[in-house]
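Sequential numbering of the sequence shown, starting at 6, is according to this note's numbering.
We put the beta carbon where it would ideally sit given N, CA and C, even for glycine.
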Amino acid sequence: MRFSFHTYDYARHSVSACTRILGLEGTPERVEDQGRLTRVAAFPIGVDSNGFINTLDIPAVQENIKTLQEKFIGRKVMLGVDRLDMIKGIPQKLLAFENFLEENPSWRDKVVLVQIAVPTRTDVPEYQKLTSQVHEIVGRINGKFGTLGAVPIHHLDRSLDFQWLCAVYAITDVALVTSLRDGMNLVSYEFVACQDAKKGVLILSEFAGAAQSLGAGALLVNPWNITEVAASIRQALNMSGEEREKRHQLNFDHVTKHTSQECCCQTMLFRFSRYLLPSPDVVVSFLKKLADAAVQPVTNGSL
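Spelled out as structure tokens, the structure:
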């Protein structure tokens with residue numbers, strides 16, 4: 006039997022649970038139970054980075070980018086793309102942005118937060134309360150810091166189609182991911198894939214699985230620490246072009262290498278390698294072709 010996980014920590018915790026709770030023999034790569042071996046490995050999931058990169062070249066998307074640039078001219082754009090879910094930390098993100106505006110009055114008319122909150126489980130009372138809480142915070146911040154001509158937060162209670170989503174990613178200066186707990190969070194990957202021209206900054210929760218993959222280039226934060234997140238927003242907005250480019254390149258190299266196709270290929274090879282007779286190179290080549298044919302961009306599918 007074989008199990009694969011998003012991150013090495015998840016794999017390690019699984020082995021640790023088996024050894025401590027069940028009393029089994031284990032190593033970082035396997036668990037043994039009465040002579041039966043179960044292999045454990047980490048295969049970080051990715052996105053179809055080429056799908057996002059190529060979409061940016063479509064004329065309609067270029068028009069969308071131009072429209073957004075004109076709308077937000079003279080202002081830095083921050084972006085949040087999340088399901089409206091308790092684990093995504095949207096209230097914490099908004100409170101940190103409010104703290105930033107309070108502590109940095111010179112930025113109040115120079116930055117805008119675009120928050121895309123895709124509704125989910127709308128019939129559940131807890132999610133209805135979360136929606137009301139988010140709307141209340143957005144209204145308070147816009148009422149406190151907005152003017153007749155502009156508001157600091159543009160909040161959308163819906164998803165965007167794929168081409169508009171790529172355009173928003175492309176014009177963003179700072180992406181803000183404040184998950185309280187997230188298995189991976191591929192929004193961060195999608196943002197990086199669309200940022201080869203802009204080279205924006207990624208602020209990423211340390212509690213998202215993606216922090217283990219993109220931590221070298223991102224600004225890692227504890228989303229519960231509102232002051233820390235606000236300070237990271239200030240750092241990101243004031244970051245030099247040289248540092249932005251360096252951080253972006255680290256993440257871009259990872260995102261374009263560890264794609265969804267590569268993850269699919271490596272996971273299948275790991276799970277079925279004992280049944281495969283051809284050489285590993287032949288198997289890998291076949292699986293990559295299969296993955297390329299199977300993986301298609303999905304609008305907001307990674308939320």
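Could you pull out every residue in the same chain whose Cβ sits closer than 6 angstroms to the Cβ of residue i, ignoring the five residues on either side in sequence?
i    : result
L242 : K81
L29  : C23, V36, D38
H263 : P49, G51
S54  : A198, V260, T261, T264
Y132 : R126
F150 : L106, R113, P157
R252 : G222
Kindly give me the distance between the Cβ atoms of residue i and residue j, rounded to whole angstroms, as I take these residues to be in contact under 8 angstroms.
i    : j    : result
V226 : V206 : That belief does not hold up - the Cβ atoms of V226 and V206 are roughly 12 angstroms apart, past 8 angstroms.
V86  : V192 : 5 angstroms
P228 : L165 : In fact, because the Cβ distance is near 23 angstroms, the residues do not count as touching under 8 angstroms.
L84  : L224 : Not confirmed; about 14 angstroms, so no contact.
S218 : G94  : Actually they are not in contact, since the Cβ atoms of S218 and G94 sit about 19 angstroms apart, beyond 8 angstroms.
T60  : F8   : Between F8 and T60 the Cβ distance is about 34 angstroms, and since that is not below 8 angstroms, they are no contact.
So, at 8 angstroms on beta carbons, what are the nonlocal neighbours of residue i in its own chain, with the 5 sequence-adjacent residues on each side left out?
i    : result
V143 : L99, Q120, I158, H160
CA-CA distance, residue i and residue j?
i    : j    : result
T372 : R41  : Since the first residue shown for the chain is 6 and the last is 308, residue 372 is missing from the structure and cannot be characterised.
L282 : T183 : Because the pLDDT of L282 is 48, which lies under 50, any placement of that residue in the model is unreliable, and the number read from its coordinates should be weighed accordingly. For L282 and T183, the distance between alpha carbons rounds to 45 angstroms.
E34  : R25  : 16 angstroms
A221 : E107 : 29 angstroms
D90  : D62  : 32 angstroms
A236 : F105 : 7 angstroms
G56  : Q200 : 13 angstroms
I176 : M244 : 17 angstroms
I208 : R249 : 12 angstroms
N230 : A216 : 17 angstroms
N109 : D258 : 34 angstroms
K115 : T152 : 12 angstroms
G154 : S111 : 17 angstroms
T232 : A46  : 37 angstroms
Q67  : R88  : 26 angstroms
I92  : F212 : 10 angstroms
Counting C-beta neighbours from all protein chains within 10 Å, is the total for residue i 16 or more, i.e. buried, or is it exposed?
i    : result
D187 : buried
Q74  : exposed
V129 : exposed
H140 : exposed
L27  : exposed
A65  : exposed
A101 : buried
N190 : buried
Q97  : buried
N256 : buried
T72  : exposed
G79  : exposed
E103 : buried
G214 : buried
R163 : exposed
L118 : buried
A202 : exposed
E247 : exposed
Return the chain-ordered list of same chain residues with a C-beta closer than 7 angstroms to the C-beta of residue i, the five sequence neighbours on each side being excluded.
i    : result
R145 : none
N69  : Q168, W169, A172
S21  : none
Q240 : L224
Q1   : Outside the modelled stretch of the chain, which goes from 6 to 308, sits residue 1, for which no answer is possible.
E195 : V52, F57, Y174, S307
Let me check you understand the geometry: is the CB of residue i closer than 7 angstroms to at least one non-hydrogen atom of the ligand SAM?
i    : result
L209 : No copy of the ligand SAM occurs in the structure displayed, which carries no ligand at all.
Item checked: alpha helix (DSSP H) segments (min. 4 residues) lying fully within the stretch 161-214 -> The stretch 161-214 contains these whole alpha helix (DSSP H) runs: 167-176, 192-198.
Checklist line | 4 or more residues per run - each alpha helix (DSSP H) lying fully within the stretch 30-88 | finding: As far as the stretch 30-88 is concerned, its whole alpha helix (DSSP H) runs of at least 4 residues are 54-60, 64-76.
Notebook entry, point to check: What are the uninterrupted segments assigned as alpha helix (DSSP H) that are 4 or more residues long and contained completely in the stretch 83-160, given in chain order?
Noted result: Fully enclosed alpha helix (DSSP H) runs of 4 or longer: 95-108, 130-150.
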